[in-house]
Structures are given as structure tokens and as C-alpha cells.
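All remarks here apply to the structure that follows.
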Amino acid sequence: MPSELAAERGEPSYVWRSGQERRLRMIREAAPFLAEATVLDDGCGIGTYVQKLAELAVAAYGLDFERERVAEAARRLARPLVVCGAGEHLPFRAGSFDLVLSNEVIEHVADDRAAVAEMARVLRPGGRAVIFCPNRWYPVEQHGVYWRGRYRFGNIPLVNYLPDPLRNRLAPHVRAYTKRGLLSLLSGLPVRVIRHSRIFGGYDNLAVRLGGPGRVLRRALQGAEHTPLAALGLSHLLVFERT
5 MPSELAAERG
15 EPSYVWRSGQ
25 ERRLRMIREA
35 APFLAEATVL
45 DDGCGIGTYV
55 QKLAELAVAA
65 YGLDFERERV
75 AEAARRLARP
85 LVVCGAGEHL
95 PFRAGSFDLV
105 LSNEVIEHVA
115 DDRAAVAEMA
125 RVLRPGGRAV
135 IFCPNRWYPV
145 EQHGVYWRGR
155 YRFGNIPLVN
165 YLPDPLRNRL
175 APHVRAYTKR
185 GLLSLLSGLP
195 VRVIRHSRIF
205 GGYDNLAVRL
215 GGPGRVLRRA
225 LQGAEHTPLA
235 ALGLSHLLVF
245 ERT
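Adding 4 to a residue's 1-based position in the sequence shown gives its number in our numbering.
What follows is the structure, encoded as C-alpha cells:
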């Protein structure tokens, strides 16, 4: 069942499965210096990635907007280095981190441009940000829609293919990005793009429900990341470096 925050904030990673492990590998590839890094998970939810990153880095911190999720993260972590705050106003000094992770978060913030600018501000020169966020051309909107004044949680097909006025009326609570729209958030910032790609999901629930056929489908979708079909991927993966 969705939480009360599902519409406004999405759902955090509650468990660690192959999809999360796959994204962690991508983070490690984007930050080969991770073993010597101080890391911020900007929008950490209940701290699932903070816990894993703390095992790999010098130190890992988390920030989330929702106090209840910060409290849960503090209960789960051995060293609860988590704070409550907004991504548009990070409570850290400039140049505090070697790596900032934003995992499916900027689509929910009030001001995504300000949130990305804050990531750049708190990075040290040479530090990197890793951003995962929804791809506008994925055929399914996974954040539900508002229909006749009520929020309906679930996977709704083709919503993001509608013209902006219709799409934003159904899904005013969440953004989905084209490549151009995502990269425009970096305009004027002292950063350079290291990598941009689109990725498909972990599909762990599908693999459990369908068994072998589900795992075959998952491999096929993830393999499509190396083909033109990547344009239909679930999420953008953007890595930028502070100059």
C-alpha cells in the first residue's frame, strides 16, 4: 500500500534488492574515488543508500525533507548522520562533499533548478553528482495520477506522452524530464557533464511474480540500454563534475 507521502514525495527504497544493487554499481562506476570520499545522499528517504554508501566511503550523510523519514533513517543506521532539510537550501558549507547522490528526488522538489545548483555548491572541485530521475519517454508513469480530484496510486501508461497541459493536469505532483530539459538545469553552473544515459529499472517485483520469464524480460530490457531503445528507459542517469 502507498504511504501518505506517496503523491508528494514518492516512495523511498524500503528494501535492498537487485535493482538497488545495480544502481549502486552505477554510482561506484561514476565515482571511482568512492573509497576516499565524503558522500551526501540528497533525499535519502529512510537511509537505505546511506547505509550501503557508509560501508564504501569515508563517511556518508543523508538529508530528507520529511521528518518522519529522517527519524526512521536514524533508527536504521548504525551512525545516524542524517538531517532534515530541503534540497533547495542544503545545510552544508560549500565544498563539503566529494559525491552527492540524488536518486529519484528532483522530480518532487519545489524548485529543481535550485536543488541542482545546491548540489553543485556543496561539491568540492572535482567532486561529482549522480542524479537518477524519471525519463519523459518511458511508457508508464509510475507515480500515479490525480483523477476527478482523487490521487490514484499505480503505474499509468502513456501519461507522459500527452501534451504538457494534459500531462501536468494528471500528474501535477511529479516531473518527468527530456534530456534537453534535464541538461538545462545545469545552465550557468560551474560543472561539466561526465555522463548522460537512460536506464531501465530493476523489475524485481516482475521477476518474483513471473519467475523465469520475468527474469528473461528484465535482462532484455536492461540489455536495451545499449540500443536506440534506451530512449524509452525508465530513468535518466546524469553524472556531472564540479569544475
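Backbone N, C-alpha and C define an ideal beta-carbon position, used for all residues, glycine too.
Hey, quick one: how far does the beta strand (DSSP E) through Ser239 stretch, first residue to last? Within the sequence shown, the letter at position 235 stands for residue 239. First-last of the beta strand (DSSP E) with Ser239: Ser239 to Arg246.
Have a look at the DSSP bridge pairing and note the partners of Leu44. By 1-based counting over the sequence shown, the position of residue 44 is 40. Bridge partners of Leu44: Tyr65 and Val104.
When you compare the CB positions of Val87 and Val74, do they come within less than 8 Å of one another, or not? As a position in the sequence shown, residue 87 is number 83, starting the count at 1. As a position in the sequence shown, residue 74 is number 70, starting the count at 1. It is a contact, given that the beta carbons lie within the stated cut-off.
Cutoff 7 Å; reference Leu81; Cβ partners in own chain excluding five residues on either side: For this step, residue 81 is matched to residue 77 along the sequence shown. Excluding sequence neighbours, Leu81 sits near Gly51, Val54 and Gln55.
Rounded straight-line distance, which links the Cα of Arg27 to that of Val19: Within the sequence shown, the letter at position 15 stands for residue 19. Within the sequence shown, the letter at position 23 stands for residue 27. So the two alpha carbons sit approximately 13 Å from each other.
Look at His240 and Tyr165 and say whether their C-beta atoms are less than 8 Å apart. Residue mapping note: residue 240 aligns to position 236 of the sequence shown, counting from 1. Residue mapping note: residue 165 aligns to position 161 of the sequence shown, counting from 1. Not closer than 8 Å, so no.
Which first and last residues belong to the beta strand (DSSP E) in which Gly206 is found? Residue 206 sits at position 202 when you count from the first residue of the sequence shown. That residue, Gly206, is in no beta strand (DSSP E); it is neither H nor E in DSSP.
Once the 5 residues before and after Ala211 are set aside, which same chain residues still bring their CB inside 6 Å of it? As a first step, residue 211 is located in the sequence shown; it is residue number 207 there, counting from the start. Gly218, Arg219 and Arg222, listed in sequence order.
Where does Gly51 fall in DSSP's three states? Within the sequence shown, residue 51 is the residue found at index 47, counting from 1. Reduced to three states, the DSSP call for Gly51 is coil.
Determine the extent of the beta strand (DSSP E) in which Ala39 is found, giving its start and end residues. Taking the first residue of the sequence shown as 1, we reach residue 39 at position 35. Where Ala39 is concerned, there is no enclosing beta strand (DSSP E), given that its DSSP letter is neither H nor E.
Report buried or exposed for Glu145, applying the criterion of at least 16 other Cβ atoms within 10 angstroms of its Cβ. One-based indexing of the sequence shown puts residue 145 at position 141. Flag for Glu145 reads buried.
Quick check: Leu44 and Tyr142, are their CB atoms within less than 8 Å of each other? Counting from 1 along the sequence shown, the entry for residue 44 is found at position 40. Counting from 1 along the sequence shown, the entry for residue 142 is found at position 138. No, these two residues do not count as a Cβ contact at 8 Å.
Can you grab the Cα-Cα spacing for the pair Arg202 / Ala58, in whole Å? Walking along the sequence shown from the start, residue 202 turns up at place 198. Walking along the sequence shown from the start, residue 58 turns up at place 54. Arg202 and Ala58: Cα-Cα distance of roughly 26 Å.
Within its chain, find whatever has a CB closer than 8 Å to the CB of Ala78; leave out the 5 residues flanking it on each side and keep chain order. By 1-based counting over the sequence shown, the position of residue 78 is 74. Once the five neighbours on either side are set aside, the close Cβ partners of Ala78 are Gly51, Pro84 and Val86.
Express the C-alpha separation of Asn159 and Pro176 in angstroms, rounding to a whole number. If you number the sequence shown from 1, residue 176 lands on position 172. If you number the sequence shown from 1, residue 159 lands on position 155. About 15 Å.
Measuring CB to CB, does Gly91 end up less than 8 Å from Val62? Residue numbering aside, residue 91 sits at position 87 when the sequence shown is read from its first letter. Residue numbering aside, residue 62 sits at position 58 when the sequence shown is read from its first letter. Result no, Cβ atoms of Gly91 and Val62 do not sit closer than 8 Å.
Taking Cβ positions, are Ser248 and Gly206 nearer each other than 8 Å? The chain is shown from 5 up to 247; residue 248 falls before or after that span and cannot be answered.
Exposed unless 16 or more other CB atoms sit within 10 angstroms - verdict on Asp168: Looking up residue 168 in the sequence shown gives position 164. Asp168 should be labelled exposed.
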